[in-house]
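Notes follow once the structure below has been shown.
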Amino acid sequence: MAGIGADTEAIQQASVDIDEARNSVEQALQQLSGQLEGPVANWKGAAADVFRKLMEQYEESGKKILQKLDELGQNVQSSGQDYAQTQEEQAQEISKITSMLEG
Numbered sequence: 001m002a003g004i005g006a007d008t009e010a011i012q013q014a015s016v017d018i019d020e021a022r023n024s025v026e027q028a029l030q031q032l033s034g035q036l037e038g039p040v041a042n043w044k045g046a047a048a049d050v051f052r053k054l055m056e057q058y059e060e061s062g063k064k065i066l067q068k069l070d071e072l073g074q075n076v077q078s079s080g081q082d083y084a085q086t087q088e089e090q091a092q093e094i095s096k097i098t099s100m101l102e103g
């Protein structure tokens, strides 16, 4: 049964790792936006308009990535909880069968 606990722990750790990766991506997106805010505010002309449009698309893509990472983290966490519950239920059933065989 020791291997079962390790699997559950690995799933839980994967959920934590995904959440940490999501936070890192969010920080990187915020940092880039902050660094570009000043220079872009004073930039005029057609090239500036194209760049702003590109940055809007970039920010939208970033939001989608964050959303997908949130969903992935939640799904992994939920799967880990379901897995642990299933393992516990199976262990209880095996224990009942063992008791019946011994008794």
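Using UniProt numbering, you'd call the opening residue of the sequence shown number 1 and step up by one each time.
All residues carry an ideal CB built from backbone N, CA and C; glycine is no exception.
Closer than 8 Å by C-beta to residue i: which residues in its own chain qualify, once you throw out the five before and the five after it? Chain order, please.
i: F51; result: V40 and W43
i: Q30; result: none
Hey, how far is the Cα of residue i from the Cα of residue j?
i: G73; j: T86; result: 20 Å
i: L54; j: Q90; result: 53 Å
i: M1; j: E88; result: Low per-residue confidence applies at M1: pLDDT is 47, beneath 50, and the placement is therefore not dependable, though the value from the model is reported in the following sentence. Using only the alpha carbons, I get a separation of about 11 Å.
i: D7; j: Y83; result: 9 Å
i: K68; j: L36; result: 25 Å
i: A48; j: G62; result: 21 Å
Under 8 Å between the Cβ atoms of residue i and residue j?
i: E60; j: S33; result: no
Spatial neighbours of residue i within its chain, please: C-beta separation below 7 Å, excluding the five flanking residues on both sides.
i: E26; result: L66
**Message:** Could you check whether the region 74-85 touches the region 3-23, counting it as contact only if at least three pairs of C-beta atoms, one from each stretch, sit closer than 8 Å?
**Reply:** yes
* To do: Tell me the start and end of each unbroken beta strand (DSSP E) in the region 31-89 that is at least 3 residues and wholly inside, in chain order.
  => none
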